[in-house]
Amino acid sequence: MTRILTYEVTLYPDGVTVHSDEILAPSDIMKRNKKHLMAHFEKLSMHYLAISPEKGAFGVALMTSLGHYNDIYGMLKSQLGILSIKVFPIPRTIKA
Numbered sequence: 133m134t135r136i137l138t139y140e141v142t143l144y145p146d147g148v149t150v151h152s153d154e155i156l157a158p159s160d161i162m163k164r165n166k167k168h169l170m171a172h173f174e175k176l177s178m179h180y181l182a183i184s185p186e187k188g189a190f191g192v193a194l195m196t197s198l199g200h201y202n203d204i205y206g207m208l209k210s211q212l213g214i215l216s217i218k219v220f221p222i223p224r225t226i227k228a
């Protein structure tokens, strides 16, 4: 599914990103956002794919997805995720 989505999204490159089963379509203007979403829903329908509205978030300024923050300006890694890796204890023993 990701391959289909990634290919289809390249036809509408205005900041749209695909993460496994998530489509992020940031827009600063609601009218433009609606136009982009309708185009993407049409492409999904062509491939017999559907979205689940109750799992979606529409009209939000900031969205967290897979440890990243996404907004109209781009994507930023979650500092909490980075911190948890930095403070992870170094193993003291070697196991095979």
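Each residue of the sequence shown is one higher than the last, beginning at 133 in our numbering. Quick reminder that beta carbons are idealized off the backbone N, C-alpha and C, glycines included.
Neighbour-count burial assignment, residue i, 16 or more Cβ in a 10 Å radius
| i | result |
| --- | --- |
| H179 | exposed |
Identified DSSP bridge partners for residue i
| i | result |
| --- | --- |
| K209 | H200 |
| M195 | N202 |
Proximity below 8 Å, CB of residue i to CB of residue j
| i | j | result |
| --- | --- | --- |
| K209 | G199 | yes |
Cut-off 7 Å between Cβ atoms - residues of its own chain near residue i, not counting five sequence neighbours on either side
| i | result |
| --- | --- |
| A189 | M195 |
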